[in-house]
Amino acid sequence: MSDSMEFLLWTKGTLFNWALAIFALGMLARLVEIFWLGRAPNYAEARAGQWGPGLRTVFTRSFADPGTFKRSGFDVLVGWVWHLGFIIVLFLFIPHIELIKSVFGMAWPGLPNPVIDAISALTLAGLVAALVHRLTHPVKKHLSDFEDYLTWAVTFLVVLTGYVAYHRLINPYPLALGIHILSVEIFLVVLPFTKLTHMFTAFIARWYNGAIFGRKGVQS
Amino acid sequence: MATSKTLGESLREHGVSRRGFLKFCAATATMMALPPTMAPAIAAALEKARRPSVIWLSFQECTGCIESLTRSHSPTVENLILDVVSLDYQHTLQVASGELAEEARLQAMRENHGSYLVIVDGSLPGPGSNMGYSTVAGHSNLDILLETVEGAAAVIAVGTCAAFGGLPRAHPNPTGAVAVQDIITNKPVINVSGCPPIPTVISGVLAQFLTFGKLPELDAYGRPLAFFGQSIHDRCYRRPFYDKGLFAETFDDEGAKAGWCLYRLGCKGPSTYNACATMRWNAGTSWPVESGHPCLGCSEPDFWDAGSFYQALSVPTVDSTQTLGLAAAAGVVIGGAAAALAKHGKTKAVADREPVTVEQLEQKL
Amino acid sequence: MSALDSIAIAVEVPRLAQEWGNALPILHEIRHGLERLAATGEPTLIDLRAIPFGPGDEARLLERLGRGEVEARIHALGETLIRETAIPAVWLVDFLNAEGERIALHLQIDRIPGLLMTQPEDLAEAPARLDRLLKELAGGGEAA
Ligand code: SF4
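Residue numbers (the numbering used here), protein chains in the order written: chain B, 1444 to 1663; chain P, 4 to 368; chain X, 71 to 214.
Shown next as structure tokens:
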């Protein structure tokens, strides 16, 4: 490809702006709607505070209870591995930190590249395992629809192209990096309109859950 | 003018001994980035090579590329230009001027039709733009290029301006600058990019053409693979620090003093293909990264428009703050509207609710 | 020596003189070359200008290789300095141009660097040259 540099600059320029705009617009629209609609008013007298249990649940629901773990240990474990891997690679790879710094003005220390490399390999393996499980498990397969596969694919592509770019497996490098950035932009555009919004809403839902329990005086 | 003598003959005439010739070949192999074991093959080829006539055209350029070449050290530029090539026209270096200079070009073209080399440095205003931006002897760059290339064997575009448009073509490209390869499509064009190119790479490409009489293997951008086949990053001696995640964050911190990787200071080495890390500059003294400065990526297309020289490669080239703000505001409005609509729908549903009695239901059955 | 040397530069010695790690692979390559030379008589040439050395790597490598017994100087198109290192059969060949600037630097693993040997073409011409000299001597003696 003879204009790989042009391609890279396009993904780093115009396209980046568009993707970011669609993401911000879509995500904020959804969040504002959720918050403004809120919950139905509860006229019962509160038995206890809701903030503490709400916040606690945001955290505790990250860990499966023993029953769930026993029933679907594979899902819990693999899910943990690649979710955590994805987050670490996203926020602690130094080129990513530079990007975040340039857009949001915030920065923090990163991890050495070989550590990130190993984690992304694990993340990739986790994602493949999750897909294989989804395709072979009869119940899961039955429950899966197009959106499940779409969100898997855009997530997997982000990590895969990043791995390929880091190891310079595609030449020339501007092409490899451009493909990675493009796949991230696809991810950003798809995010607000699919179940990928759980990156934000999962925590809101947990908070509501915990808060409701707390108000009722139920252990959360 | 190009002579009919072979290079071997002309060197011997200059009193160059056999050992001198072999040494010349060893240096040429180094210059061409070929393994030194190629020296005998080079010797055999050079022995029979004939000095080609070279016409050098300078368009929208800063003369930095010629500065670079005239400081080329291996072999000395006198050897290169006087013995190896016959530089028949170069308006900065030649003694003749005015009509005589232009006549020299036309004569070289007539006498060596079909076999001379054209070297171009600088970009040129492309078709459809104002030709007045750059002229030589009253002729537009475009006309001169087309006229001169017509009988050439090949064209070597020296420098990023000639190869990719370079600085003149940077946004907003006021002169409508284009690269040589945008105009010349019916002759081989070799791009020797760099701002300026490494002098030994310029002479190396000439030597290669001279030695083997054919064009070197080129990459997707038309650059000789021997010099542009590997990225700066892949040959950088600071690479182990990149791999370990040890980076200089300012130009004077501990990391900078210890010689750590310059990625965070904006190094474009990972996306830049050139031979600086091995061939180095100034008679092999050093090169940008060795002297503590990140690579600017000067041998790549659009390098002036590829974002700040001092921001990491992963940083977008646009300032997204405004877009982000606008999009967020629009998102809030849309989200608010959606929520309002939903609330309205709910209130309306409550208001419009018509109670149904058991009797009414039973009647329906 | 070279024009660059006339520019006054204060070189800051780095606090930690570090190894950049590119000298060691060369030593291994030399080792392979020596084995090859012993087994098959095939020489090896290493172009030190094609190695991505870090600052000081090259100097450290050459310092480690040390100095052997032989040193030679060829005067043709500028000087060429040939020096045996402390490791037998490993030679350093330093090509300088007429201005004394280095134009190439090779390590050669051979019994004797090829450039030192009399070139076949010169050997072929040698009797004729001597004949000319003899003729001059015989033709009157006043030339002597
Ligand atoms: S200094 Fe630049 S070229 Fe060298 S390793 Fe770091 S990023 Fe790559």
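Glycine is no exception: its CB is placed at the ideal position from the N, C-alpha and C atoms.
Quiz item: Is leucine 83 of chain P helix, strand or coil when you go by DSSP?
Solution: Unreliable placement is indicated for leucine 83 of chain P, whose pLDDT of 48 sits below 50; the coordinate value is still reported in the next sentence. DSSP places leucine 83 of chain P in helix when its eight states are reduced to three.
Quiz prompt | beta-carbon proline 273 of chain P near the ligand SF4 non-hydrogen atom, thresh 7 Å | solution = The beta carbon of proline 273 of chain P sits closer than 7 Å to at least one heavy atom of the ligand SF4.
Quiz item: What residues of chain B sit near lysine 247 of chain P, judged by a beta carbon separation below 8 Å?
Solution: Chain B residues near lysine 247 of chain P: Pro1555, Asn1556, Pro1557.
Self-check item: Cut-off 6 Å between Cβ atoms - residues of its own chain near phenylalanine 244 of chain P, not counting five sequence neighbours on either side
Solution: Closer than 6 Å at the Cβ level, and outside the excluded window around phenylalanine 244 of chain P, lie Trp263, Cys264.
Quiz prompt | Residue span of the alpha helix (DSSP H) that contains threonine 1604 of chain B, given as start and end | solution = It spans 1589-1609 - the alpha helix (DSSP H) in which threonine 1604 of chain B sits, taken as one unbroken run.
Self-check item: C-alpha distance - leucine 1474 of chain B paired with histidine 1641 of chain B, whole-angstrom precision
Solution: Each residue's CA atom was taken as its position, placing leucine 1474 of chain B and histidine 1641 of chain B some 11 Å apart.
Quiz item: Does the beta carbon of lysine 190 of chain P sit closer than 8 Å to a beta carbon anywhere in chain X?
Solution: The C-beta of lysine 190 of chain P comes no closer than 8 Å to any C-beta of chain X.
Quiz item: Can we count leucine 127 of chain P as close to the ligand SF4, meaning its CB is less than 7 Å from some heavy atom?
Solution: No - the ligand SF4 has no heavy atom lying nearer than 7 Å to the Cβ of leucine 127 of chain P.
Practice problem: Using DSSP bridges, identify the partner residues of proline 227 of chain P. | Solution: Paired residue(s): P:Leu221.
Quiz item: Quick one: which chain P residues come within Cβ less than 9 Å of histidine 1539 of chain B?
Solution: Neighbours of histidine 1539 of chain B on chain P, chain order: Ser317.
Quiz item: Are the segment 1570-1579 of chain B and the segment 1642-1656 of chain B in contact at 8 Å, needing three or more beta carbon pairs?
Solution: Under the three-pair Cβ rule at 8 Å, the segment 1570-1579 of chain B does not count as touching the segment 1642-1656 of chain B.
Quiz prompt | leucine 96 of chain P (DSSP reduced to helix, strand or coil) | solution = Residue state, collapsed to three classes: coil.
Quiz prompt | Quiz: which residues have CB nearer than 5 Å to the ligand SF4 non-hydrogen atoms | solution = Going along the chain, the residues that qualify are P:Ile235, P:His236, P:Cys239, P:Arg241, P:Arg242, P:Tyr245, P:Cys264, P:Leu265, P:Tyr266, P:Cys270, P:Gly272, P:Val292.
Exercise. Could you have a look at serine 234 of chain P and say whether DSSP puts it in helix, strand or coil?
Key: Serine 234 of chain P: strand per DSSP, three-state reduction.
Self-check item: Range covered by the beta strand (DSSP E) that runs through histidine 1580 of chain B
Solution: From DSSP, histidine 1580 of chain B is part of no beta strand (DSSP E); its letter is neither H nor E.
Self-check item: Alpha-carbon spacing of glutamine 110 of chain P relative to serine 294 of chain P, whole angstroms
Solution: Separation of glutamine 110 of chain P and serine 294 of chain P (C-alpha to C-alpha, rounded to the nearest whole angstrom) is 46 Å.
Quiz prompt | Between the CA atoms of leucine 1639 of chain B and histidine 1585 of chain B - distance to the nearest angstrom | solution = CA-CA distance, histidine 1585 of chain B to leucine 1639 of chain B, rounds to 20 Å.
Exercise. Find the nearest neighbour of arginine 53 of chain P within the set P:Ile187, P:Gly339, P:Leu14, P:Ile201, judged by alpha-carbon distance.
Key: The closest CA to that of arginine 53 of chain P, considering only P:Ile187, P:Gly339, P:Leu14, P:Ile201, is found on P:Leu14.
Quiz prompt | Of the residues X:Asp164, X:Gly148, X:Gly209, the one placed nearest proline 183 of chain X, counting alpha carbons only | solution = When only C-alpha atoms are compared, the closest one is X:Asp164.
Quiz item: Looking at the C-beta of cysteine 239 of chain P, does it have a partner C-beta in chain X at a distance below 8 Å?
Solution: For cysteine 239 of chain P, the nearest CB of chain X lies under 8 Å from its own CB, placing it at the interface with that chain.
Quiz item: tryptophan 284 of chain P lies in the alpha helix (DSSP H); which residues open and close that run?
Solution: It is not in any alpha helix (DSSP H) - tryptophan 284 of chain P carries neither H nor E in the DSSP assignment.
Quiz item: In this structure, what does DSSP give as the bridge partners for proline 128 of chain P?
Solution: Proline 128 of chain P is bridged to P:Ala180.
Quiz item: Can you round the beta-carbon distance between leucine 185 of chain X and lysine 271 of chain P to whole angstroms, since I take them to be within the 8 Å contact cut?
Solution: With a Cβ gap of about 40 Å, leucine 185 of chain X and lysine 271 of chain P do not count as contacting.
Exercise. Pick helix, strand or coil for glutamine 325 of chain P, following the three-state DSSP scheme.
Key: Secondary structure at glutamine 325 of chain P: helix, using DSSP grouped into helix, strand and coil.
Quiz item: When you compare only the Cα positions, how much space is there between glutamine 93 of chain P and isoleucine 58 of chain P?
Solution: Approximately 7 Å between the Cα atoms of the pair.
Self-check item: chain X within 8 Å of glycine 23 of chain P, Cβ atoms only
Solution: Nearest CB-CB separation between glycine 23 of chain P and chain X: below the 8 Å threshold.
Self-check item: Environment of tyrosine 1592 of chain B [buried if 16+ CB atoms lie within 10 Å]
Solution: By the neighbour-count rule (16 or more Cβ atoms within 10 Å), tyrosine 1592 of chain B is not buried but exposed.
Quiz item: Which residues mark the beginning and the end of the beta strand (DSSP E) in which alanine 142 of chain X is found?
Solution: Where alanine 142 of chain X is concerned, the enclosing beta strand (DSSP E) stretches over 141-145.
Quiz item: Which residues in the same chain have their Cβ closer than 8 Å to the Cβ of arginine 134 of chain X, if we skip the five residues on either side of it in sequence?
Solution: These residues qualify, in order along the chain: Ala93, Leu97.
Self-check item: Span of the alpha helix (DSSP H) around histidine 1623 of chain B
Solution: Start and end: 1616-1633.
Exercise. State the DSSP-derived secondary structure class of asparagine 277 of chain P, mapped to helix, strand or coil.
Key: Asparagine 277 of chain P carries a coil assignment under DSSP once its states are collapsed to helix, strand and coil.
Quiz item: Whose C-beta lies closer than 7 Å to the C-beta of alanine 1489 of chain B among residues of the same chain, with five residues either side of it excluded?
Solution: Excluding residues within five positions, the ones whose Cβ falls inside 7 Å are Arg1658.
Exercise. State the DSSP-derived secondary structure class of cysteine 164 of chain P, mapped to helix, strand or coil.
Key: If DSSP states are grouped into helix, strand and coil, cysteine 164 of chain P belongs with the helices.
Quiz item: Taking the C-alpha atoms as reference points, what is the distance between leucine 1574 of chain B and proline 113 of chain X?
Solution: Taking the CA atoms as reference points, leucine 1574 of chain B sits about 56 Å from proline 113 of chain X.
Quiz item: Using a Cβ-Cβ cut-off of 6 Å (strictly less than) and excluding sequence neighbours within five positions of alanine 32 of chain P, which residues of its own chain qualify?
Solution: Only residues of its own chain outside the window of five on either side were considered, and among them Pro39, Met41, Ala42, Ile45 have a CB closer than 6 Å to the CB of alanine 32 of chain P, listed in chain order.
Quiz item: In chain order, what residues of the same chain lie with their CB nearer than 7 Å to the CB of arginine 21 of chain P, ignoring the 5 residues before and after it?
Solution: For arginine 21 of chain P, where only same-chain residues beyond five positions count, there are no Cβ hits under 7 Å.
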